[in-house]
Each structure stands twice: as C-alpha cells, then as structure tokens.
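One structure is given here, and the rest of the page talks about it.
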Amino acid sequence: MPRGRRSKKTVSKRYWALDKVEPNAPTSIDVLFEWLKLPGNYQRWRAKNKQPVCDEIVGYMVKRGITHRGDKQVWAKLVKLENSFETATNWLLAKGHHAAFQLGEAHHDVRKQVKKLCRYYDELLPVFQQGIPASAARSESSSKTVSNADASQDKIFRSNQSKSSNETDVMVELCSQSPRLSRLLPDPESQINAPGGTQSQTYDLSLQKLQLESKKSQLRADEICNMALNRKKMLDAGIGLEEVDRVLPLK
Numbered sequence: 066m067p068r069g070r071r072s073k074k075t076v077s078k079r080y081w082a083l084d085k086v087e088p089n090a091p092t093s094i095d096v097l098f099e100w101l102k103l104p105g106n107y108q109r110w111r112a113k114n115k116q117p118v119c120d121e122i123v124g125y126m127v128k129r130g131i132t133h134r135g136d137k138q139v140w141a142k143l144v145k146l147e148n149s150f151e152t153a154t155n156w157l158l159a160k161g162h163h164a165a166f167q168l169g170e171a172h173h174d175v176r177k178q179v180k181k182l183c184r185y186y187d188e189l190l191p192v193f194q195q196g197i198p199a200s201a202a203r204s205e206s207s208s209k210t211v212s213n214a215d216a217s218q219d220k221i222f223r224s225n226q227s228k229s230s231n232e233t234d235v236m237v238e239l240c241s242q243s244p245r246l247s248r249l250l251p252d253p254e255s256q257i258n259a260p261g262g263t264q265s266q267t268y269d270l271s272l273q274k275l276q277l278e279s280k281k282s283q284l285r286a287d288e289i290c291n292m293a294l295n296r297k298k299m300l301d302a303g304i305g306l307e308e309v310d311r312v313l314p315l316k
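With my numbering applied, the sequence shown has no gaps in its numbers, which climb one by one up to 316 at the end.
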C-alpha cells in the first residue's frame, strides 16, 4: 500500500557527519564528540550499564538540535567507533608506528592507512587512548628497546665468542624441540662457523621476526574476542541482528 511505503522511517539512514539541521548547526557526530570529551563521560560509557548513558547522550543531542537519533543508534555508533579505533591502534602497534604517530612524526602513508581504518582517529585519540591494550603497548616498547640496543649488542657478541657458542647450543636444543621454531629460525649448526657477529645478528633478527609474528597473532585474537563481545552486548541490549551485522560484520 502507498501509505505503508510512506511510513517507512528514513532518518536512521542519515549520515552522522551530514545531518545539520541548519547551516551553522553541529552534526550528530560533532555533538557526540562534544559529549565524549566532557570529563568522566567516556569512563561512564565503559561501565556495564550503558542504557542510561545512551539515554543521556540522546538528551544531550536534543538540546543541541539533533532530534532524530535514538538510544540504539547512539549505542551502535559508539561501538563502531571503539572497534575502528582499536583496529587502527592495533595496526599501529603491530607495525611499530604507534610511538611515532603519538609524537606527530608518522609518515604520510601511515596516517593515510590509519584514516582508512578509523576515519575519526585523531578526534578519538584524546578520549579513547586509555583503551589501548597495555600488553600491546609494552610489546612495542620492548621491540623498540631491542632494536635500539642492536649496535651495542653487536660489539658485545664480537668480543665474547663463548656467549655466542652458548646461544648456538640453546638454539639447537629449541629447534630440536619445536618444529615450528626450526622452520622460522636458521639452521643453528650451519651458523656455528659464521664470521664475527654474523651468527648472533642472524639469530637476533630471526627471534625478532618470531616475536612479531606472535604479537600479530595475539592482536588478531584480541580483535576477534572484542568483536564477539561487542556483538553480544548489542544483541543483549535489544539491537536487531541485521543492525549488529551491519555495524559489526562477521569476517
């Protein structure tokens, strides 16, 4: 029936960044960022009971002239923002660019990729940065410490061949016990007669590669767990499966 077709709501399809009610008025995303930046608000959102917070945000939006957003839309938008921010942050950590990005020294290509993963990363960083996985941040810090110490380690290994020999014995034992490790690391026996610090450098680089692979796997596992948890929270809140799949599609 024609009347039935006219009754379909279209407000939910209005873009958050393009829904000004007046030329100089803020958009939905502008108002949401305003609310998030108020002291203590994001911490309250991260608490278990999110429904009252969503209702509060809707009321805040109404006061700013945004009357077409409901609590479920706000909830879904915040979850999507959190997930995209975490995805971009995990990418920065895995690639070793996080510290440079924080200092404003990241390469243009890095910033471009971050923007692709999370459109509002710069706006969300001051609010969401407390949600960066601490273990991942420590891993990046450890990796950089190892990298910065390479030069001094080379000198130590060159002046201490007995230590290199002990490391070779350890690596032979590890490779014999772990088929996966033996595929990722060079053959220890073939490196015994390597000149100077070449042997130690080779193992050091190989171990760093193994560390990085392990870190990437852990970050991916964390991302999947967070995705599943956020989907469950949205479903428990009464958000329809179709909307959940749209906001957090299964990969």
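Don't be surprised by glycine CBs; every beta carbon is placed ideally from N, CA and C. Predicted model only: the values in this text are computed from it and were never measured.
Determine the direct distance from the alpha carbon of Glu308 to that of Leu300, and round the result to whole angstroms.
Their Cα atoms are separated by approximately 9 Å.
What's the call for Asp136, buried or exposed, on a 16-neighbour Cβ count within 10 Å?
When all chains shown are included, Asp136 counts as buried.
Measuring alpha carbon to alpha carbon, tell me which residue in Leu315, Asp287, Ile122 and Gly303 is nearest Phe98.
It is Ile122.
Under a three-way DSSP split, which group does Ile94 fall into?
Three-state result, Ile94: helix.
How many angstroms separate the CA atom of Lys160 from the CA atom of Lys181?
Looking at the two C-alpha atoms, the distance is approximately 15 Å.
Between Arg296 and Leu284, is the Cβ-Cβ spacing less than 8 Å?
No; because the gap between Cβ atoms is not below 8 Å, this pair is not in contact.
Compare the C-alpha of Val192 against each of Lys274, Phe166, Gln108 and His162 and name the closest.
The candidate whose alpha carbon is nearest that of Val192 is Gln108.
Please give the ranges of any beta strand (DSSP E) in the stretch 89 to 143, keeping only runs that are unbroken, at least 3 residues long and fully inside the region.
DSSP runs (the beta strand (DSSP E)) wholly in the stretch 89 to 143: none.
What separation, rounded to the nearest whole angstrom, lies between the Cα atoms of Ile94 and Trp81?
Near 5 Å, if we compare the C-alpha coordinates of Trp81 and Ile94.
DSSP state of Glu170, grouped into three classes?
Coil, per DSSP.
Who are the near neighbours of Lys281 in its chain, counting only those whose CB is closer than 7 Å to its CB and skipping five residues on each side?
For Lys281, where only same-chain residues beyond five positions count, the Cβ hits under 7 Å are Ala159.
Round the Cβ separation of Asn148 and Met292 to the nearest angstrom and send it over; I've been treating them as touching at under 8 Å.
Going by Cβ atoms, the distance from Asn148 to Met292 rounds to 7 Å, so yes, they are a contact pair.
When you compare each of Leu146, Thr92 and Glu188 to Arg129 by their alpha carbons, which one comes out closest?
Per the Cα distances, Thr92.
For Ala153, I'd like the list of residues in its chain whose CB is within less than 7 Å of its CB, leaving aside the five on either flank, ordered along the chain.
Excluding residues within five positions, the ones whose Cβ falls inside 7 Å are Val179, Leu182, Cys183 and Tyr186.
Let me know the secondary structure DSSP gives Trp81 once reduced to three states.
Residue state, collapsed to three classes: coil.
Looking only at its chain, what residues have a beta carbon closer than 6 Å to the beta carbon of Leu315, apart from the 5 residues adjacent to it on each side?
If we look at Leu315 and ignore the five residues flanking it on each side, it has no Cβ neighbours.
Ignore the nearest five residues each way along the sequence and tell me which others in Met126's own chain have a CB closer than 6 Å to its CB.
So the list reads Val96 and Arg134, once near-sequence residues are dropped.
Which residues in the same chain have their Cβ closer than 8 Å to the Cβ of Lys298, if we skip the five residues on either side of it in sequence?
The answer, listed in chain order, is Lys115 and Val144.
Kindly indicate which three-state DSSP category Val86 falls into: helix, strand or coil?
Coil.
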